[in-house]
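Read the structure below first, then the notes.
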Amino acid sequence: SIIKMSTTANEKKKKNSKVFLEIRIGKQPAGRLELELFEADCPRTAANFRHLVVGDRRSAQGRRLRIQGSAFHRVIPGFMAQGGDFTKGDGTGGESIYGPTFEDENFVHRHTRAGMLSMANAGKNTNGSQFFITLAPTDWLDGKHTIFGRVLSGMKVVKRLGRVEVDHNNRPKVPVKIFKARTVPAVSASSASGKDKVFDAMGVSIQ
Numbered sequence: 001s002i003i004k005m006s007t008t009a010n011e012k013k014k015k016n017s018k019v020f021l022e023i024r025i026g027k028q029p030a031g032r033l034e035l036e037l038f039e040a041d042c043p044r045t046a047a048n049f050r051h052l053v054v055g056d057r058r059s060a061q062g063r064r065l066r067i068q069g070s071a072f073h074r075v076i077p078g079f080m081a082q083g084g085d086f087t088k089g090d091g092t093g094g095e096s097i098y099g100p101t102f103e104d105e106n107f108v109h110r111h112t113r114a115g116m117l118s119m120a121n122a123g124k125n126t127n128g129s130q131f132f133i134t135l136a137p138t139d140w141l142d143g144k145h146t147i148f149g150r151v152l153s154g155m156k157v158v159k160r161l162g163r164v165e166v167d168h169n170n171r172p173k174v175p176v177k178i179f180k181a182r183t184v185p186a187v188s189a190s191s192a193s194g195k196d197k198v199f200d201a202m203g204v205s206i207q
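Going left to right, the sequence shown walks through residues 1 to 207 as the numbering used here numbers them.
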């Protein structure tokens, strides 16, 4: 029946993954970022990040692919904080679970506020392990970088990232490290719409 089919579809509704990153600035704990990965909309890109959090994949050369222990190597105040280069640590390295790079999956989501989780790249179809978290709306990146998640909690940590002192190359003067990275129980994909909370343009909850 129609009712039965509808119920079955509802039961199979895909859930988004949820992960957390514990950040240290220098030697001091800066707090925890809880991130929702948009697996319902960007399954391939979200899976790449989730496996990099878990660290259960290896490169063709046998290197463990894991972002834990890597740094936010680039911070531009009022723009974004970039990390995920676990091979070289300077923005020239990193690797995806699919190989050195993989293609842009889609551009469904937009860089409308602080706290969006997006893939860093060196041009079209050059995604690896590097990512960035927006510190403000960055709409000029729409259609160029795949957004595959968002910050669920920890916007105070995001703001701290945006305030770290950097050199002339936007490199933090003290190490900003992902001290711990783990997965947590999944959340409903419907929350990706942002309807569970209301945020202003800077990513602050107003509800």
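Built from N, CA and C at the ideal position, the CB exists for glycine as well. Values in this document were obtained by computation on a predicted structure and should not be read as measured data.
Residues bridged to residue i [DSSP beta-bridge criterion]
i, result
"residue 43", "Answer by DSSP bridge pairing: none, since residue 43 is not bridged."
"residue 177", "24, 71"
"residue 80", "76, 134"
"residue 184", "18"
"residue 57", "65"
"residue 99", "96"
"residue 34", "20, 153"
Residue i versus residue j: straight-line alpha-carbon distance, rounded
i, j, result
"residue 169", "residue 74", "8 Å"
"residue 60", "residue 51", "15 Å"
"residue 209", "residue 77", "The first residue shown for the chain is 1 and the last is 207, placing residue 209 beyond what the model contains."
"residue 122", "residue 27", "31 Å"
"residue 7", "residue 35", "Per-residue confidence for residue 7 stands at a pLDDT of 43, beneath the threshold of 50, marking its modelled position as unreliable; no derived number is given."
"residue 127", "residue 101", "5 Å"
"residue 43", "residue 31", "27 Å"
"residue 139", "residue 111", "5 Å"
"residue 135", "residue 83", "14 Å"
"residue 79", "residue 109", "17 Å"
"residue 125", "residue 56", "24 Å"
"residue 29", "residue 160", "11 Å"
"residue 143", "residue 184", "30 Å"
Cβ pair residue i, residue j closer than 7 Å
i, j, result
"residue 25", "residue 176", "yes"
"residue 149", "residue 33", "no"
"residue 129", "residue 95", "yes"
"residue 131", "residue 120", "yes"
"residue 116", "residue 97", "no"
"residue 158", "residue 23", "no"
Same chain, Cβ closer than 8 Å to residue i, five either side skipped, listed in chain order
i, result
"residue 165", "172, 173, 174"
Cβ neighbours of residue i in the same chain (closer than 6 Å, five flanking residues each side left out)
i, result
"residue 2", "Bear in mind that a pLDDT of 49 at residue 2, under 50, signals an unreliable position, so the number given afterwards is only what the model happens to contain. Taken in chain order, the list of residues that qualify is empty."
"residue 181", "21, 53, 67, 68"
"residue 45", "105, 146, 148"
beta-carbon residue i near the ligand MG non-hydrogen atom, thresh 6 Å
i, result
"residue 134", "In terms of ligand content, the structure shown is empty, and the ligand MG therefore cannot be addressed."
Proximal residues to residue i (C-beta, below 7 Å), its chain only, five neighbours per side dropped
i, result
"residue 87", "93, 94, 95"
"residue 9", "Confidence in residue 9 is poor, its pLDDT being 45 and thus under 50, which makes the residue's placement too unreliable to answer from."
"residue 64", "55, 58"
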